[in-house]
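Okay, structure first, notes after.
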Amino acid sequence: MTSADETTTVPTATGRSIPGSMSRRRFLSLAGAAVAVVGTTNWGGRVLTPDAAYGAEGVPDLYLAGTDGWIHLPATPAIAPYHPDVLAPSDPPGLTTYIFGFRNVTGMTATQRLAQKNKAQHSAPLFWVKQFDPGHPVDFTVQLTNLGLALRPDLFDAHSLHWHGFRNVIPFFDGEPSGSVSVPAGREFTYVYRPRDPGTYMYHCHVEDVEHVHMGMTGLVFVRPLQDGNTTLYPSGTYLYNDGDGSTGFDREFAMFLSEVWAEAHWADAHIQLPEWSDYRADFSLLNGRVYPDTILPNGSIDPFHPVHAADGDLIAPAGHPELRYQPHSSLVNCNAGERIALRFANLGFREQAMTLTGIRMRVVGRDATPMRGRNGGDTSYETETLNIGPGESYDVLFTAPPHQGPAAFDTYYLYNRNYTRSDNLAPGGFGGQATQVRVYASGVAPQAYPNDWGI
Ligand SMILES: [Cu+2]
132 MTSADETTTV
142 PTATGRSIPG
152 SMSRRRFLSL
162 AGAAVAVVGT
172 TNWGGRVLTP
182 DAAYGAEGVP
192 DLYLAGTDGW
202 IHLPATPAIA
212 PYHPDVLAPS
222 DPPGLTTYIF
232 GFRNVTGMTA
242 TQRLAQKNKA
252 QHSAPLFWVK
262 QFDPGHPVDF
272 TVQLTNLGLA
282 LRPDLFDAHS
292 LHWHGFRNVI
302 PFFDGEPSGS
312 VSVPAGREFT
322 YVYRPRDPGT
332 YMYHCHVEDV
342 EHVHMGMTGL
352 VFVRPLQDGN
362 TTLYPSGTYL
372 YNDGDGSTGF
382 DREFAMFLSE
392 VWAEAHWADA
402 HIQLPEWSDY
412 RADFSLLNGR
422 VYPDTILPNG
432 SIDPFHPVHA
442 ADGDLIAPAG
452 HPELRYQPHS
462 SLVNCNAGER
472 IALRFANLGF
482 REQAMTLTGI
492 RMRVVGRDAT
502 PMRGRNGGDT
512 SYETETLNIG
522 PGESYDVLFT
532 APPHQGPAAF
542 DTYYLYNRNY
552 TRSDNLAPGG
562 FGGQATQVRV
572 YASGVAPQAY
582 PNDWGI
């Protein structure tokens, strides 16, 4: 996904912009002279010497690995011969679909980290960072390594990290491979971020991005505002934006990441075939990497800064669901009546989606990491029951949990794609899709330890 943030002005060799009236020949002549001067005086002849590119050093805030792997989607009805894939490993049971993806390998030993080859997850690890504070300037660093593809050693593709819609100061850390660096197999690189703009973003590998994104190398990242900690504007002290009035304060937050699986393309990568992308036809619509009703099953270990894994570094499946070992993100929203809930939506499938929350009004307070404020600061937020989310877009919405009605312990509201072929994936009785539940309790849901935490 190439986005506008990658387009910047091009400085000349002398650091000046090019006057519009200057001819190309004149510019080349000046630039050549500048290089010659710099080469002989300032840089001591290093101008044309290849030099290695370096990222940050030291312990990174987060360490991600790119590799391949397998996830679980409903096996029936089958899409012969593509789904389920006959090459899927039998351990854990239930795996059906070949993917490329990321893993959180923060704090692992080298042995554990290398053992995560062919153990990618989808969606990619959810993480967040605090807005850069000029008063306490601390960079956020993410190290990325490339473990290679176990099933396709012939595909020696690099991987990269690209925060979609994110304003990088320089393109070096952008991750778009023709304008910045990417990470070949066996190597590592550390990205440095100074997030200036709070909001919800998505990140993805930008190498062969139609393929790598669709194969699963994508997830959600968000930036917390500097206003966080202010308990005067809103009691929880947690906000979506620096609103100045508490209007984006919330009590709980849930990421809702939308992606898709075209079974034939995933099968093709596993079987050394080339998919014809103009035939694109998503068979599955996923919410946080799962399809309903898997979306309401428990989280795995998803706190990015306190990861828990098996002794060999592998992910631990949610209790009773070994097939979901590599899809750790739940989409179930648990809350108490009266609480204000933030939903962070991002879509990195290739189709527009329409997410409806029945019975509860949502207020859109942010789009594409931009608060809903006009040029004069006026409030442009709006209420809706349905969000139309195009590929590469993000939405921040708030709702207030309605009073508990009972008699059950919780009231259930459905959040689903109003295109029923995507909440049910075209097939009766088996293929779930982009749907989940909001469960409102009278009280007793504990505070969240991290986003998407159930509080139970
Ligand atoms: Cu990649």
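Residue numbering for the sequence shown is 132 to 587, as defined by the numbering used here.
Where is the CB? At the ideal position from N, CA and C, for every residue including glycine.
Once DSSP output is grouped into helix, strand and coil, what is the label at residue i?
i	result
L455	helix
A477	strand
P142	Low local confidence applies: a pLDDT of 36 at P142 is under 50, so the model's placement there is unreliable, and no value is given.
E514	strand
P502	strand
D410	helix
D340	helix
Q247	coil
E395	helix
F381	coil
D527	strand
Y551	helix
H214	strand
D400	helix
H335	strand
A241	helix
Quick one: using the 10 Å Cβ neighbour count with 16 as the cut-off for buried, is residue i buried or exposed?
i	result
W393	buried
W201	buried
G560	Confidence is the limiting factor: at G560 the pLDDT is only 49, short of 50, which leaves the residue's position unreliable, though a coordinate-based value still follows. By the neighbour-count rule (16 or more Cβ atoms within 10 Å), G560 is not buried but exposed.
P150	Model confidence at P150 stands at a pLDDT of 36, short of 50, so the residue's coordinates are unreliable and nothing is read from them.
G189	exposed
Q274	buried
D510	exposed
R475	buried
T552	exposed
W585	buried
V422	buried
R244	buried
R155	In this prediction, R155 has a pLDDT of 38, which is less than 50 and means its spatial position is unreliable; nothing more can be read from the coordinates.
G575	exposed
Y572	buried
E384	buried
S152	Residue confidence for S152 is low, a pLDDT of 39 falling below 50, so the modelled location carries little weight and cannot support an answer.
P502	buried
S254	buried
N173	Summary for N173: the model assigns pLDDT 44, below 50, so the residue's position carries little reliability, and this model does not support an answer.
H460	buried
T242	exposed
Would you check if the distance between the CB atom of residue i and the CB atom of residue j is smaller than 8 Å?
i	j	result
G350	Y334	yes
H343	G306	no
R327	D199	no
N583	N430	yes
G497	L364	no
P256	F287	no
R471	D382	yes
W259	R355	yes
T543	E516	no
R456	L446	yes
G563	P265	no
L428	Q565	no
P453	G296	no
H290	G197	yes
G368	A246	no
A485	N507	no
H535	A468	yes
F304	V323	yes
Could you check if residue i belongs to the surroundings of ligand 2, using beta carbon to heavy atom distance under 7 Å?
i	result
H343	As far as ligands go, the structure on display features ligand 1 and does not contain ligand 2.
Counting only C-beta atoms, is residue i closer than 8 Å to chain C at any point?
i	result
D285	This model lacks chain C altogether, as it is built from one protein chain only.
- Item | beta strand (DSSP E) runs wholly inside the region 283 to 332, at least 3 long, in chain order | 293 to 295, 319 to 324
- Item | Continuous beta strand (DSSP E) assignments of at least 3 residues falling wholly in the region 408 to 452 | 415 to 418
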